[in-house]
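Engineer: So the sequence lines, in the order shown, correspond to chains A and B. If you're matching positions, the first sequence starts at 1 in the numbering used here and goes up one per residue. If you're matching positions, the second sequence starts at 1001 in the numbering used here and goes up one per residue. For each residue, glycine too, the CB sits at the ideal point set by N, CA and C.
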Amino acid sequence: MLNSILWTPLIFGLVAMLVPKRLAPWAAGTGAVITLALAVAVLVGFDPDGGMQYVVDTDWIPGLGISYSLGIDGISIFLVLLTALAWIPAIAFTALRGVERPGLFFLMLAAGETATLGAFLAQDLILFVLFFDLMIVPFYFLFGIWGSDRDGVTVQSATLKMIIFTLIGSLLMLVAAIAAGVIAADGGPLTFSIAELTEKGLPNGSQNWIFWFFAAAFLVKMPAFPLHGWMPDSYRAAPLPALAVFSAVLSKVGAYGFLRVVLPIMPDATELFQTAMLVIALGSIIYGSFMAFTRFDLRLILGFSSVAQLGFITAGIFALNESGSEGAVLQMVNHGLVVVPAFLIVALIAERTGSEELGPMGGLAKRAPVFAVIFLIVTMATLAIPASANFIGEFFILNGIWQTDIAIAIIASSGVVWAAFYALRMYQRTMHDPLPEGADSREISLLDALVVVPMVLCVVVLAFSPQLIIHSSEPAVAENVEKVFDEAGAGSTAAYASTAEPDESPHGTGDPGHEEGSE
Amino acid sequence: MSFDSPTIDYAGLSPIISLTAGLVVVVLVAVFDSVKRFGPALALMTLAVTAGCLIWQWGTEADLVAGVLRIDGLAITLSLLVVVSAAVAILLSRGDPASAQAGESDYLGLLLGSVLGMVMLTQANNILTFFVALELLSIPLYALCGTNLRRRESLESGLKYLIVGSVGSATLLYGLAMIYGGSGATGFAEISQGFTDGGSDLLNDSLVLVGVGMVAVGLSFKVSIAPFHQWTPDVYQGAPTPVTTFMAVATKAAAFAIFTRFFLVALIPLIDQWDVILAALAATSIVVGNVGALGQNSLKRMLGYSGIAQAGYMLCGIVVGTQAGVDALVFYLAAYVAMNLAAFAVIVIQERRTGFSDNIASLKGLGRENPAVAWPLTIAMLALAGLPPTAGFIGKLYLIQATIEADWTWLGVMIAVGTMISLAYYLRVVATVWMRAEPAPGGQTTAGASAAAAGDAAESAIDAGDLPPAIAGAAPNPFEDPEAGRRWYLIGPAILGAAATIFFGVIPQPLVEFAQQAGNALAAYVS
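Listed below in structure tokens is the structure:
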């Protein structure tokens, strides 16, 4: 089952490369739809309390102790669904507009989907690293071949910066992953299975450097504040449909890596560096928000808002309690669902105004009420307005941090306010204000609406019933967090003892944001 | 005085015999005009027969000719790599000015002579055969580098290689003499025994240590380990490209075979003395090679520097002194052979198509015009940069694992750091092949446009300034071939090399088992 989910996109991508140009989008689209159907089928048969499910485990390179093992649990299932879902609008949006060399484009896009799914499904550390590295390759080509030079920054230099930043992290992670396996084996038979590594545990001293090598890879991927240097240039160079999935899903792999790899395998180091990671997360929230409301380029506003959102997610994970981690998982999905339509809307706006800068924009809502409403929903979800799933996610996260460190929680909650600031600024400057000359307030076309609306509907549905995700992911997340304290022994037991009641969520909407109010 | 002639194991000796016979035949056919044109076919057949003999002997472990040669997993695996690269070099030489100007059969004879030296070198188990085989490998190569008779760079490259190579050989010979002086033996196993019997006094004897150091230096010249690498970029660039291909790939395989065997068999009692020195050499090489490659505009020079860095990675496999290290080294060498053959085959195609320019800028737009040529090069570059899903990734993983297992974690980190630096130049090639060089029309601010224009101007300056002059004299170059991308003997190796790189990246287990043959051969000596 997981094998077919993983390889379907790539196989159809190869088909897209071989069939006549006209049929390439259909081939890739079929692959993406089948993948989504398979992912939904997995969800239907999924048992929240069942631990790792649909396990595939065969030898891959027995000589090196590496196995090809896949599995899905409460942490990864919704990220897999998100991935399967996000690729469809990206493919459809590109197909509607046509693209140069479509075969290669769709092959690369599909390869990106396979690699990303692989990273979410891999249960062998080396396999995880391999897929993590592999993700960047198709996007390097997507950004490089179909991207455009902007403001004197060539595509070449932007993509080079991106891939070097990412791979510096990945290579350190490769060393760390091998070291984790070798040290845990301690002369015995070598294995890289994440579950077995968790069981064996690593000695205290070596956890520390291994932790940072992994953290480097994940923080670059997100990107988190001091390591985001590659983001602005490559976001501006990238073709928008590819950027939409890149920003929605690939950044989540970093956060997911902390939950999947770092917390279980390096519990002592996780506890030791909890404050450091919270400070980095805080830096990302503040820096990302600040940059997002000072930029004029729509891509950068969305890009930096992602930095801030990923800061929230990291903070939630490193609150090291159930509430924080659950909020993080929910927020990963929420953010992914919001970002895909957001970037596609940027593309639609650019088609209407010929620009992606806030400066010469405005008034697009005038003759396009439906378009405006769609954008409004996306904006509101971005700023985590109460009643949105994002609000619940952030609430859980802040609740988690509050239990860990009140000072950090207070500063972090200011990010919610800033989010309102930059999101509304973006909406207002594009949709309201007077319509400038040359801009065309055109209603969204039916086909475009069909591409964008399903994702927006998902946002709305999730707003009404976020417990869908919380319920299914809770056991896995709880187990994951408990491990940190089981292994690390008595730590900050206070944080561990008090966990949020999972039933709180539906009422969370009615529970007005005293978190917001605290600022 | 009676003298017992050694028993000769003809089966074990068959690869060497077939090569020698083939060499004689190939040189002789040049005398008869009617069969002259079969030279390349005969040379290829010789290599095929040799490969057949090697596969036939798969799994054999035996001393040959009274122990001066030894056929085992290490010798067979690396000889196979040598034979494959020689076959590709012969294919790439077809229609090359070098083989035409030097006389085809002479050229092929030299090449086969060098292969003979290499195969002997992988089997050498005695310092005499070691040195003789090394010279047999080197001397034809000196001549081959200069076979492009009408091009100054080629002659210069031959001369440079001759001088530097002789210095290396002399250093090596001196070192070998000192080791003989210390251990009193010439066979590798006996040398090892001699050192073990000699006790700690002998192990710390300055004569012996100087000897070990000189052997390390001499071999470093051969495999181009920094700081003994200075000849590499010049010679790689100047030599005819098929010869460069052969040198870059086959020489490395053969020289690493003897490097491994000599250090891990003969000098294994001294491992605590030499491991730090070799580790330092490996680290230096990784840094120097990768940094040196950054600023290169000539593809061949770039691959020369990259070869220095790759040699540094591979040397780590010897430093750790374990069986896993040897496995990793051989796996990496096999991957290195596949990816470099693909890259060099594309360079040969590009040279023939564009009037013998190997400038990176000449690759501009290749992805659009000729994907069949662009893909092998792209895959080779991604593999050299160690990205999945290629054998290059698995090879790096294997090496890093070997270093960490043997507690040389910092060397593993060095490999990772070197790889990071290397991304910049490998991906530059990929970007040139696939990405638009000119700024996209429209949507440009004036500042952006002028900056881009400045960038373009700089680039065209590079274009104009750095193109190596075509063959002096003749205006229309008879060896230019716009259709080079369609010739099976050029595109075939490129595609096969790239396919192998991907195949062994996705299904590495067969290659892992291949490499473990080599490690098993040394099981008696290393842990």
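(1) Assuming D59/A is part of the beta strand (DSSP E), what are its boundary residues?
(2) Would you tell me roughly how many angstroms separate the C-alpha atoms of W26/A and A95/A, rounded to the nearest one?
(3) What residue does the beta strand (DSSP E) around R1070/B start on, and which one ends it?
(4) Is the beta carbon of A1424/B less than 7 Å from the beta carbon of T1077/B?
(5) What separation, rounded to the nearest whole angstrom, lies between the Cα atoms of L1539/B and K1252/B?
(6) Count the other CB atoms within 10 Å of the CB of P138/A; is the residue buried (16 or more) or exposed (fewer)?
(7) Could you check if V1506/B is buried or exposed, using at least 16 other CB atoms within 10 Å of its CB as the buried criterion?
(8) Quick one: list the residues of chain B neighbouring F93/A, beta-carbon separation under 8 Å, in chain order.
(9) Check each residue of the region 129-142 of chain A: if its Cβ is closer than 7 Å to any Cβ of chain B, include it; give the result in chain order.
(10) Out of P239/A, M332/A, F128/A, point me to the one whose CA is closest to A389/A's CA.
(11) Please say whether A110/A and P9/A have beta carbons closer to each other than 7 Å?
(12) Run through chain B and tell me which residues come within less than 7 Å of L167/A, C-beta to C-beta.
(13) Of all the options I411/A, A347/A, E443/A, I126/A, which has the alpha carbon lying nearest to the alpha carbon of L171/A?
(14) Starting from S1114/B, trace the alpha helix (DSSP H) in both directions and tell me its first and last residue.
(15) In the DSSP assignment, what are the bridge partners of G1187/B?
(16) According to DSSP, simplified to helix, strand and coil, what is E1351/B?
(17) Can you list, in chain order, the residues of its chain whose CB lies under 8 Å from that of F291/A, leaving out five sequence neighbours each side?
(18) Show which residues of chain A have a CB atom less than 9 Å away from the CB atom of M1178/B.
(19) Run through DSSP, which three-state label would Y256/A get?
(20) Just to confirm my understanding: we take A1266/B, look at its own chain, exclude 5 residues before and 5 after, and list those with CB closer than 7 Å. What are they?
(21) Give every residue of the same chain whose Cβ lies closer than 6 Å to the Cβ of A1454/B, excluding the five residues on either side of it in the sequence, and list them in chain order.
(22) Could you check what DSSP says for A1474/B in three-state terms: helix, strand or coil?
(23) What do you get for T270/A, buried or exposed, if any count of 16 or more other CB atoms within 10 angstroms of its CB means buried?
(24) When you compare only the Cα positions, how much space is there between A238/A and L6/A?
(25) By the three-class DSSP mapping on this structure, what secondary structure does D1201/B have?
(26) Under the criterion of a Cβ to heavy atom distance below 6 Å, does A110/A qualify as lining the ligand NAD?
(27) With a threshold of 6 Å on Cβ separation, who are the neighbours of Y1174/B within its own chain once the five nearest residues in sequence on each side are excluded?
(28) Whole angstroms is fine: what's the gap from I263/A's alpha carbon to L272/A's?
(29) Is there a Cβ of chain B sitting closer than 7 Å to that of L160/A, yes or no?
(30) In terms of DSSP beta bridges, what is E356/A paired with?
(31) Quick check on the burial criterion: 16 or more other C-beta atoms within 10 angstroms. Buried or exposed for P360/A?
(32) Note down, in chain order, each residue of its chain lying with its Cβ closer than 6 Å to the Cβ of F1221/B, except the 5 sequence neighbours on either side.
(33) Touch check for the region 1131-1150 of chain B and the region 1159-1166 of chain B: three-plus C-beta pairs under 8 Å?
(34) Which partner residues does S991/B have in the DSSP bridge list?
(35) Report the three-state DSSP secondary structure of D1063/B (helix, strand or coil).
(36) Grab me the residues of G1182/B's own chain with a C-beta within less than 8 Å of its C-beta, minus the 5 sequence neighbours each way, in chain order.
Structural biologist: Considering the structure as presented:
(1) Run containing D59/A: 53-61, per the beta strand (DSSP E) assignment.
(2) Taking the straight line joining both Cα atoms gives about 8 Å.
(3) Per DSSP, R1070/B belongs to the beta strand (DSSP E) from 1069-1071.
(4) No. Outside cutoff.
(5) Any answer about residue 1539/B is impossible in this case: the structure gives chain B only from 1001 up to 1527.
(6) Buried, by the Cβ-count rule.
(7) Residue environment for V1506/B: exposed (fewer than 16 other C-beta atoms within 10 angstroms of its C-beta).
(8) By Cβ distance, chain B contributes nothing, its closest Cβ being about 19 Å from F93/A, past 8 Å.
(9) Listed in sequence order: L130, D133, L134, V137, F141.
(10) Checked all of P239/A, M332/A, F128/A; the closest Cα to A389/A is M332/A.
(11) Against a cut-off of 7 Å, the Cβ pair of A110/A and P9/A comes out as a contact.
(12) Residues of chain B passing the Cβ test: M1420, L1423.
(13) Of I411/A, A347/A, E443/A, I126/A, the residue nearest in Cα terms is I126/A.
(14) Per DSSP, S1114/B is one residue of the alpha helix (DSSP H) stretching across 1104-1123.
(15) N1126/B.
(16) The DSSP-derived three-state label of E1351/B is helix.
(17) Note on residue identity: the sequence assigns Met, not Phe, to residue 291/A. Here the set comprises L300, F304, V307.
(18) Per Cβ cutoff of 9 Å: no residues; M1178/B is ~37 Å from chain A at best.
(19) In this structure, Y256/A counts as helix in the three-state DSSP scheme.
(20) For A1266/B, where only same-chain residues beyond five positions count, the Cβ hits under 7 Å are F1188, I1191, S1192.
(21) Residue placement at A1454/B cannot be trusted, given a pLDDT of 44 that sits under 50; the coordinates are not used to answer.
(22) Any reading at A1474/B must be qualified, since the residue scores a pLDDT of 42, below 50, and its modelled position is unreliable; the value itself is stated next. DSSP, reduced to helix, strand and coil, places A1474/B outside both helices and strands of the structure shown, so it counts as coil.
(23) So T270/A counts as buried.
(24) Approximately 25 Å, taken between the alpha carbons.
(25) Reduced to three states, the DSSP call for D1201/B is helix.
(26) Among the components modelled here there is no ligand, and therefore nothing to report on the ligand NAD.
(27) Within the same chain, Cβ atoms closer than 6 Å to the Cβ of Y1174/B are found at M1214, the five residues on either side in sequence being excluded.
(28) The amino acid at residue 263/A is misidentified as Ile; the sequence shows Leu. Roughly 12 Å between the two C-alpha positions.
(29) L160/A has a beta carbon lying within less than 7 Å of a beta carbon in chain B.
(30) Bridge partners of E356/A: none, in fact.
(31) P360/A is exposed by the Cβ-count criterion.
(32) Excluding positions up to five away in sequence, the list reads G1168, F1228.
(33) A contact exists between the region 1131-1150 of chain B and the region 1159-1166 of chain B.
(34) Missing from the structure shown is residue 991/B; chain B here goes from 1001 to 1527 and no further.
(35) In the structure shown, D1063/B sits in a strand (DSSP, three-state: E or B).
(36) Within the same chain, G1182/B has close Cβ partners G1194, F1195, G1198, L1202, D1205, L1207, V1208, G1211.
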